[in-house]
Every structure is written in C-alpha cells, then in structure tokens.
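Sequential numbering of the sequence shown, starting at 437, is according to the numbering used here. Glycine included, each C-beta is placed from N, C-alpha and C at the ideal position. Report on the following structure.
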Amino acid sequence: MNNSMINSSVSMHSLQQKLDILSNNIANVNTNGFKKKEASFEDVLTNVKSQPEGFRQQGRFSPLGFNQGWGSKLVQIQTNLSQGPIQPTGNVTDFAIQGDGLFEVSVSKADENGNPVFQPAWTRNGAFSLSPDATGGTVLTTKEGHFITGVDGNPIRVPAGFRPVVESNGTIKGYNEQDPSAAPINLGQIKLVRVVRPQLLQDVGDNLYAIPNGITAAEKANILLDVNPLVDNPANRVSLMQGFLEQSNVTLSDEMTDLVIVQRALQLNSRAITSSDQMMNIANNLRA
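Following this line, the structure appears as structure tokens:
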C-alpha cells in the first residue's frame, strides 16, 4: 500500500509539470512566432519482483514475476521548432522566417554598477517596429524595444524619409519616399541564425531564447549557426518574408486533448492515494 502511495505521488508531481507545459502552450496559442514545448518522461525506478517456484500452476503461462515501478519523472522540456502558419499583414516591419532560423536581438541589462550591458538573445517573433533614435532617424526594434542585430553586430538604422525593403536573404534597402526615382541605399542585413540543437536553448521569457551560462564559443557553434546566403550549404536554407508574420505552431485541439488525458491521469492517481490511505487506516484499526 505504501508503494502505491509513493508511485502515485511521484507520478502526480510529473503530471503537474506536464499540465504547466500544456497551460503555457495554450496561453500562447495566439503569440506570434511562439514555439510549443514538449515534455519527455522516464521511469524513476523499476524493480522486477520474482516469485517462488511454488507459485507455478498447471496451465499458467505468465512468467513468475512482475515489474514494480515507482512513478515517472520529467527529464527534458524540448522546444518544437516546426513551422507555424504564415499570415500576411502588409506591414513593412513585419517579418516571417521560413526554415529553422531565429532573429538575433540585443537585450539591455544592467551590470553590478547599474550600467547597461547588451547581451544577445534570439526570437522567432518578427513583429518589429521602427523606434526613433538620437540621430533623428529610426532603428528597427522588437515591440519590447530590443534592437534587431545586423550581420555586422550593430542595430539596423533607417534614416528619416526612407522606406525599408527587405530581401529574402535579409538584405535591407532604403527607398526615398520623397524621390521614388532615387537609387536605393544599403541599410545592412538582418542577422539570422540556424538552430542546430534546440534542446540546449534556454527560454528566458518574452518569447526570447538565450545560450546558457558557461557555454564557450566552440560549444555555441554546435547550438546556433550563422546563416551566410553567399555560401551554399544546408545552414543557409532560411529565408525572410516581409509583410508576413508567423503564427504560433500550437494546435489547440491537440493541446486540449493532452490536457484531458493529463487531468484524467491526475484524477486516477489521486484516487489511488485515497484508496491506499483508506486501506492503511483499516489495517491500523484491526484488532486481534
């Protein structure tokens, strides 16, 4: 009876973690560029109990033994980077990625002295905006104000009076809105990276991903690869679409189905604990 209570309580803890993941996926079903999370579980411990030879009966074909488990545990939360639906918006600062790539952004954080320090982060959400800068022009940022990084490591700046047009490889041209006949100017190129090992990316909130602390440059190259459209290799099969946004890849019907399954499993384990507790009370109250 004690074994059944341990088994059920351990399993309920894992099911609660699965429930939290499903809840997060459902809450972000309408978040641009959101990638759903998937959980992997494994047995905590499995014992094979043997039975004496005297239990063998004529006509019995089942083995003399049984497996005793001790519940399951969460071993990994993976990010599913499958392509989400792409919807047209007509906004020149909206971008959708085709392929397993990410935008690189610069996130401002304060150091121990209170000075701003910019650290790289990555996102799939291409709902950008043009924010005013000190030069009188604009700079391409996320809705939260994080700078979009170019291939040169600097923010993408758009002078006043110019309309940005982005090619599929991320190259940005600026067209003079006052003089349509003028030749376009080069505004840089949006930096894209290809995800090699998504399970090593760290979710830091606001639909952003980061590299865990302690990762060296060589190890980072095994997680993210810079996209170079000038070289033909599988890492460069990532392209941009201007005026489009990628929607969340969460399928609500699948998440709701898993949610019902998890809730039923939680209910089953809860009843198992209640039944075991009642049986232990009966055993404790037995009198000779």
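Give the secondary structure of residue i by DSSP, where H, G and I count as helix, E and B as strand, and everything else as coil.
i    : result
I697 : helix
K454 : helix
A475 : strand
V725 : The structure shown does not extend to residue 725, since the chain is modelled only from 437 to 724, so the question has no answer here.
T710 : helix
L704 : helix
L722 : coil
Figure out for me which residue from the options has the closest Cα to the Cα of residue i.
i    : options                : result
I457 : I442, F477, N443       : F477
N685 : N460, H449, S440       : N460
Y645 : S567, V465, E540       : E540
Q519 : S450, G537, D530       : G537
M531 : N561, G572, V511, G507 : For clarity, residue 531 is Phe in the given sequence; the question names Met instead. Looking at the Cα atoms, N561 is the closest of the given residues.
N622 : R633, K609, L510       : K609
E580 : D569, S565, R593, P591 : S565
E682 : K471, H449, S440, M448 : K471
V601 : A563, R707, G679       : G679
A596 : E603, I522, E613       : E613
N439 : W506, E474, L451       : W506
A563 : I718, N468, A618, L661 : N468
S508 : S542, Q453, S617       : Q453
L687 : Q514, D639, Q638, I462 : The sequence as given places Thr at residue 687; Leu does not occur at that position. The option with the nearest alpha carbon to T687 is I462.
E603 : L660, V543, G573, T529 : T529
P568 : H582, A557, L451       : H582
V543 : A557, Q534, G535       : A557
L695 : L455, T525, D662       : L455
N443 : N720, R707, A719, L722 : R707
E655 : L637, V698, G641, T607 : L637
N516 : Q699, N464, P634       : P634
N658 : G641, R630, D639       : R630
On the DSSP bridge list, what partners appear for residue i?
i    : result
S522 : According to the sequence as given, residue 522 is Ile; it is not Ser. I522 pairs with E682.
N601 : A quick correction: the sequence has Val, not Asn, at residue 601. Beta-bridge pairing links V601 to K609.
Q514 : E474
P591 : T585
S675 : Q534
S508 : D479
Next item on the list: Give, in chain order, every unbroken run of the beta strand (DSSP E) that is at least 3 residues long and sits entirely within the region 607-667.
Entry: 607-612, 621-625, 628-631, 638-641, 644-646, 660-662
Item checked: Uninterrupted beta strand (DSSP E) stretches inside the region 527-585 (no shorter than 3 residues) -> 531-534, 537-546, 552-559, 564-568, 574-578
Next item on the list: Indicate whether the contact test is met: 3 or more Cβ pairs, each with one atom in the region 545-559 and one in the region 695-708, closer than 8 Å.
Entry: no
Item checked: Three or more C-beta pairs below 8 Å linking the region 624-643 and the region 572-587 -> yes
Check: For the 8 Å Cβ check, are there 3 or more pairs between the region 646-655 and the region 673-680?
Finding: no
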